[in-house]
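If you're matching positions, the sequence shown starts at 5 in the numbering used here and goes up one per residue.
Each residue gets a CB set at the ideal place from its N, CA and C atoms; glycine is no exception.
Since the structure is predicted, the reported quantities are computational estimates derived from the model, not experimental observations.
Quick notes on the structure that follows.
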Amino acid sequence: MTPPSENARLPVIQLDQVVLREIHLPLREPFRISSGSVLHRRILLLELQDRSGAIGWSECVAPERPNYSPETIDTAWLMLRDWVLPLALGTRIEDPARVHTLFEGPVRGHPMAKAAVEMGIWELAARQAGISLSRLLGGTRDRVDVGISLGIQESPEALIERAQTALARGYRKIKLKVGPGEDYEYVAGVRDALGPDAPLMVDANSAYTLADADGLARLDELDLMMIEQPLDRTDLVRHARLQARLRTPICLDESIDCVDRAEDMLELGSGRIVNVKPGRVGGFAPALAIHDLCERAGIPVWCGGMLESGIGRAHNVALASLGNFQLPGDLSPSDRYWKRDIVEPEWTMDAEGRVQVPLDRPGMGVEVDRARIEELMVREEVVR
5 MTPPSENARL PVIQLDQVVL REIHLPLREP FRISSGSVLH RRILLLELQD
55 RSGAIGWSEC VAPERPNYSP ETIDTAWLML RDWVLPLALG TRIEDPARVH
105 TLFEGPVRGH PMAKAAVEMG IWELAARQAG ISLSRLLGGT RDRVDVGISL
155 GIQESPEALI ERAQTALARG YRKIKLKVGP GEDYEYVAGV RDALGPDAPL
205 MVDANSAYTL ADADGLARLD ELDLMMIEQP LDRTDLVRHA RLQARLRTPI
255 CLDESIDCVD RAEDMLELGS GRIVNVKPGR VGGFAPALAI HDLCERAGIP
305 VWCGGMLESG IGRAHNVALA SLGNFQLPGD LSPSDRYWKR DIVEPEWTMD
355 AEGRVQVPLD RPGMGVEVDR ARIEELMVRE EVVR
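Written as structure tokens, this is what we have:
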């Protein structure tokens, strides 16, 4: 694929300052996965300002606790302020596709912190060029299919009720979070209630080991779209052994933190689907590389979510408009999680279970509600 940024005339960007802001955005209801639950989302936002005065926005997806990855919002704040941003501020950036390499040598790890800057520069470049972020990335769709992620519930009956509501609303994929002891009975109940054609999948967030293979193999009976990240994120070998036992495709999420890990997955046969989260892999450039590799190998990908605000959702929608995002992403509308989002207009889903890609608006396609951010902000720091 031709690098997307070569298809547009982009201005040279020189960042003058970046404002870091932490907000606390309350959830409509607690969201529980195998490693814990969340009542409100601590969110790190970046406002990037070019020397011309132009503004771009991004969101760091690092969670509050190191239960999904080693990074947290607090480690990301430190890395951004002291290490990542000093590499970008004042540097002449002619192509956002090359920003990722700017950070790789001097800073080991911390992909979520790096991604927040890299993705913000892509957004700023698109605004400066007067084109949508989707088009700058190489997107081709004007609508993308939406899936929903349902947290672990207190009973199978409660999960069935949530799944029925989601199907009635038009969601094109229903993801059920599972964990040991809260898996087969729950998912089988949903399958029986929704019927054989309902698009169901499960996500374990690395809650199992290979000793649980017999129990996981029972899920083959339920005709699921995929089983996402059943084993430890570092263990591609045992994922390969498990995949050999399963008819259901394994989808890797946490395991795929760069294009090299995607190549390893293909070589070992560790999975048949990839969940691409740009914040997890270090930004849009690595996400595009993974997308292209999987496309060449005939491996479908989809865009996952990290309980983002409308800013992070905008970046994910733009990425999900690319051609090999064949499966519905975790791109639920704003009112799925938040009573009031921080962007205007808020993200909505049509009756067919799709979200509109704002192809005709520059940048990420939504505007930031600064008054709402001020209401929710708990700390702010300007890095120049």
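- Query: So is H28 buried or exposed if we call it buried at 16+ other beta carbons inside 10 Å?
  - Reply: Position 24 of the sequence shown, counted from the start, is the residue given in the question as residue 28. With fewer than 16 Cβ atoms within 10 Å of its Cβ, H28 is classed as exposed.
- Item | alpha helix (DSSP H) segment containing R242, residue limits | As a position in the sequence shown, residue 242 is number 238, starting the count at 1. Note, R242: alpha helix (DSSP H), 240 to 249.
- Applying the criterion that 16 or more other CB atoms from any shown protein chain within 10 Å of the CB defines a buried residue, is R131 buried or exposed? Here residue 131 is taken as the residue at index 127 of the sequence shown, counted from 1. With 16 or more other Cβ atoms within 10 Å, it is buried.
- Message: As a quick exercise: from Q21, W61, L154, V382, pick the residue whose alpha carbon is nearest that of E371.
- Response: Translated into the one-based positions of the sequence shown, residue 371 becomes position 367. Closest by C-alpha distance to E371, out of Q21, W61, L154, V382, is W61.
- For the putative contact between I178 and L154, defined by C-beta atoms under 8 Å, what is the C-beta separation to the nearest angstrom? Along the sequence shown, one-based indexing puts residue 178 at 174. Along the sequence shown, one-based indexing puts residue 154 at 150. Contact between I178 and L154 is confirmed by a C-beta separation of about 7 Å, below the 8 Å threshold.
- Relative to the C-alpha of P304, which residue among H295, D196, R383, T352 is closest? Taking the sequence shown and counting its residues from 1, one reaches residue 304 at position 300. Checked all of H295, D196, R383, T352; the closest Cα to P304 is H295.
- Message: Counting C-beta neighbours from all protein chains within 10 Å, is the total for D227 16 or more, i.e. buried, or is it exposed?
- Response: Numbered from its first residue, the sequence shown carries residue 227 at position 223. Its Cβ having fewer than 16 others within 10 Å, D227 is exposed.
- Message: Would the region 232 to 248 count as touching the region 213 to 223 if we require 3 or more Cβ pairs under 8 Å?
- Response: Two segments are said to touch when three or more pairs of C-beta atoms, one from each, lie closer than 8 Å; by this definition the region 232 to 248 touches the region 213 to 223.
- Are the beta-carbon atoms belonging to A324 and C307 less than 8 Å from one another? Sequence index remark: in the sequence shown, residue 324 carries index 320 (1-based). Sequence index remark: in the sequence shown, residue 307 carries index 303 (1-based). Between A324 and C307, the C-beta spacing is below 8 Å.
- Which of the three DSSP states, helix, strand or coil, is assigned to R195? Against the sequence shown, residue 195 aligns to sequence position 191. R195 falls in the helix class under three-state DSSP.
- Message: Let me make sure I understand the geometry here. Which of I254, G316, A244 has the alpha-carbon closest to that of M116?
- Response: Against the sequence shown, residue 116 aligns to sequence position 112. Ranking I254, G316, A244 by Cα distance to M116 puts G316 first.
- Task: In the DSSP assignment, find the unbroken alpha helix (DSSP H) run with Q132 in it and report its ends.
- Result: In the sequence shown, counting from the first residue as 1, residue 132 sits at position 128. Its alpha helix (DSSP H) spans residues 115 to 133.
- Exposure label - P337; buried when at least 16 CB within 10 Å: As a working note, residue 337 is residue 333 in the sequence shown. Burial call: buried.
- Item | Neighbourhood of M5 by C-beta, 7 Å cutoff - its chain only, sequence neighbours within 5 removed | The count along the sequence shown starts at 1 and reaches residue 5 at position 1. With a pLDDT of 46 at M5, under the threshold of 50, the predicted position of this residue should be treated as unreliable, though the coordinate-derived value follows. Result list for M5: G142, D296, in chain order.
- What are the complete alpha helix (DSSP H) segments, minimum 4 residues, inside the region 260 to 285? Segments of the alpha helix (DSSP H) lying fully in the region 260 to 285: 263 to 272, 282 to 285.
- Item | Which of helix, strand or coil DSSP assigns to L14 | Here residue 14 refers to the residue found at position 10 when the sequence shown is read from its first residue. In this structure, L14 counts as coil in the three-state DSSP scheme.
- Item | Residue range of the alpha helix (DSSP H) that includes L297 | The residue you call residue 297 lines up with position 293 of the sequence shown. Start and end: 288 to 301.
- Task: Could you check the C-alpha separation between E98 and P15 for me, to the nearest Å?
- Result: In the sequence shown, the residue the question calls residue 98 occupies position 94. In the sequence shown, the residue the question calls residue 15 occupies position 11. Roughly 7 Å between the two C-alpha positions.
- Local Cβ density within 10 Å of T352, reported as buried at 16 or more and exposed below that: Here residue 352 refers to the residue found at position 348 when the sequence shown is read from its first residue. Classification for T352: exposed.
- Message: Buried or exposed, going by whether 16 or more other CB atoms sit within 10 Å of the CB of V182?
- Response: Within the sequence shown, numbered from 1, the residue matching residue 182 stands at position 178. It counts as buried.
- Item | Residue of A289, E348, L137, P282 minimising C-alpha distance to G314 | To locate residue 314, count along the sequence shown from 1; it is residue 310. Taking G314 as reference, the option from A289, E348, L137, P282 with the minimal CA-CA separation is E348.
- Query: In whole angstroms, what separates the C-alpha of D196 from that of C255?
  - Reply: In the sequence shown, the residue the question calls residue 196 occupies position 192. In the sequence shown, the residue the question calls residue 255 occupies position 251. Straight-line Cα distance between these residues: approximately 23 Å.
- Proximity winner among F35, L140, Q360, I17, relative to G309 (alpha-carbon distances): Within the sequence shown, the letter at position 305 stands for residue 309. When each option's Cα is compared against that of G309, the closest is F35.
- Message: Using 8 Å as the cut-off, can you tell me whether the region 355 to 374 makes contact with the region 162 to 172, which would need three or more C-beta pairs spanning the two stretches below that distance?
- Response: With a cut-off of 8 Å on Cβ pairs, the region 355 to 374 is not in contact with the region 162 to 172, counting fewer than three such pairs.
- Item | According to DSSP, residues forming a beta bridge with I156 | Here the question's residue 156 lines up with position 152 in the sequence shown. According to DSSP, I156 shares a beta bridge with no other residue.
- Roughly how many angstroms lie between the CA atoms of R166 and A318, to the nearest whole one? Here the question's residue 166 lines up with position 162 in the sequence shown. Here the question's residue 318 lines up with position 314 in the sequence shown. Those two C-alpha atoms are separated by around 25 Å.
- Query: Between P389 and V88, what straight-line distance do the alpha-carbon atoms span, to the nearest angstrom?
  - Reply: One cannot answer for residue 389 here, as it falls past the ends of the chain, which runs 5 to 388.
- Evaluate the contact criterion for the region 238 to 249 versus the region 194 to 208: three or more CB pairs, one atom per stretch, below 8 Å. Contact between the region 238 to 249 and the region 194 to 208 is absent, because fewer than three Cβ pairs lie under 8 Å.
- Can you tell me whether DSSP reads L331 as helix, strand or coil? Position 327 of the sequence shown, counting from 1, holds the residue named residue 331. Looking at L331 - three-state DSSP - the assignment turns out to be coil, as it is neither helix nor strand.
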